[in-house]
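Step one of this worksheet: look at the structure below.
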Amino acid sequence: MPELPEVETIARGVDARVRGDRIVEAWFSGYREPFKTGAAKQAKGLEDKVFLAVHRTGKHIVCELGVGRSSAAGSGEEPTAQWIVHLGMTGRLLVTRPEAPVEAHTHARLRLKSGREVRFVDPRRFGRLEYRELHRAKAFAGAGLEPLTVGEEEFAALFRGRTLAIKAALLNQSLLTGVGNIYADESLYRAGIRPRRAAGRLTRAELRRLRRSLVEVLEHAIRLGGSSVSDYVDAEGVRGFFQLEHNVYQRAGEACRRCGTAIRRIVVGGRSTHYCPVCQH
DNA sequence: CATTTCACCTGGTGGC
DNA sequence: TGCCACCAGGTGAAAT
């Protein structure tokens, strides 16, 4: 489901609701070992930990956990563990009242001292949960570079010599982390670049435009709370509004907002791809 | 190695 | 109403 702006929105929402709160009890469905860390081990590790902070890395939500001994919980305490949540296509991380009805496909429930509950719901089960003890493992870091902070030079270097389509390159999480299908299409439209162009053949000017467009599109989407085409709901249960401003994504056959030409849908790297044949070259 | 394809899942939609 | 094909914001393993 969610790409960088949605994950950022969710992480901020969850952070605001759970920071300083203590996990009293953790429950996991046992549908398989869905998680990078086994359910029993994960539950055991999470219980009695305090949420120090929740933030985003790429498309991952990273919860920093500690023992909570500081007088003011969450103020400067060093995390001893991390709970890492990837939402896959349909995952949601909700903070609810405990009496809220438990939805189908709820795979994790963390009961908090405040009485609230954190729930992970994921019908398609593409999501992943991981628990890390920081004295045993390194802190989580995405494989690729963060699109919001990558420099012009580093950005250009990612694509040098590559023959694959620029759209496929944008989706490769080991190059850039956080870009998914919506924002790849939207940023290529904004930059005026066709999705099938070979990544290594883009000119310096095009690479400059692409990086700038990507940052602008992502930041604008974050301001609007992300996109909700079908089932994205943020931590507060409020839907994002960026989908109202999509220029090409899921607009096949509709008029380009700039030139009026019908938006085309093609498949690139196995993913549905949308572009304007006149505005993009 | 780089690149492409496909399996992993459930649910919604639209055609017949 | 039912059945079926196709689609979906992601990834990682297998094939090429």
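Under numbering that gives the first Met the number 0, the first residue of the first sequence is numbered 0, with each subsequent residue one higher. Beta carbons are placed, not taken as given, at the ideal position from N, Cα and C, and that holds for glycine.
Do you know offhand how far residue i's Cα is from residue j's?
| i | j | result |
| --- | --- | --- |
| Ala197 | Gly65 | 46 angstroms |
| Phe27 | Glu152 | 44 angstroms |
| Cys255 | Arg161 | 30 angstroms |
| Arg200 | Ser212 | 18 angstroms |
| Glu7 | Val53 | 10 angstroms |
| Val105 | Thr36 | Correcting the residue identity first, residue 105 is Thr in this sequence and not Val. Distance between the alpha carbons of Thr105 and Thr36 is about 17 angstroms. |
| Gln41 | Tyr130 | 6 angstroms |
| Glu76 | Leu174 | 32 angstroms |
| Gly57 | Lys48 | 24 angstroms |
| Gly150 | Tyr30 | 42 angstroms |
Pick out whichever of the options has its Cα sitting closest to the Cα of residue i.
| i | options | result |
| --- | --- | --- |
| His59 | Thr176, Leu93, Thr36, Val149 | Thr176 |
| Asp20 | Asn246, Arg203, Ile181, Arg68 | Arg68 |
| Val120 | Glu129, Arg11, Arg91 | Arg91 |
| Met88 | Gly179, Gly259, Thr56 | Gly179 |
| Gly191 | Gln279, Leu51, Thr8 | Gln279 |
| Arg203 | Ala142, Asp47, Lys166, Ala156 | Ala156 |
| His219 | Ser173, Leu174, Ser186 | Ser186 |
| Gly269 | Val216, Arg118, Lys48, Ala168 | Ala168 |
| Ala25 | Ser113, Glu46, Asp184, Arg16 | Glu46 |
| Gly224 | Arg210, Arg207, Leu209, Gln242 | Gln242 |
Please look up how many angstroms separate the CB atoms of residue i and residue j, rounded, as I've assumed it's under 8 angstroms.
| i | j | result |
| --- | --- | --- |
| Arg123 | Glu116 | 22 angstroms between Cβ atoms; not a contact. |
| Leu86 | Pro1 | 5 angstroms |
| Leu147 | Leu217 | 6 angstroms |
Going by the beta-carbon positions, is the gap between residue i and residue j smaller than 8 angstroms?
| i | j | result |
| --- | --- | --- |
| Tyr182 | Asn246 | no |
| Tyr274 | Arg193 | yes |
| Val214 | Val94 | no |
| Val266 | Arg195 | no |
| Lys166 | Thr260 | no |
| Leu133 | Ala99 | no |
Could you check if residue i belongs to the surroundings of the ligand COA, using beta carbon to heavy atom distance under 7 angstroms?
| i | result |
| --- | --- |
| Gly177 | As for the ligand COA, it is missing from this structure, which has no ligand bound. |
### Task
Could you tell me which uninterrupted alpha helix (DSSP H) segments, each at least 4 residues in length, are contained entirely in the stretch 9-67, listed from first to last along the chain?
38-45
| query | What are the start and end residues of each continuous beta strand (DSSP E) run of 3 or more residues lying completely inside the stretch 121-198, in chain order? | reply | 127-132
task = Taking only runs that begin and end inside the stretch 73-106, name each unbroken beta strand (DSSP E) of 3 or more residues, in chain order.
result = 80-85, 91-95
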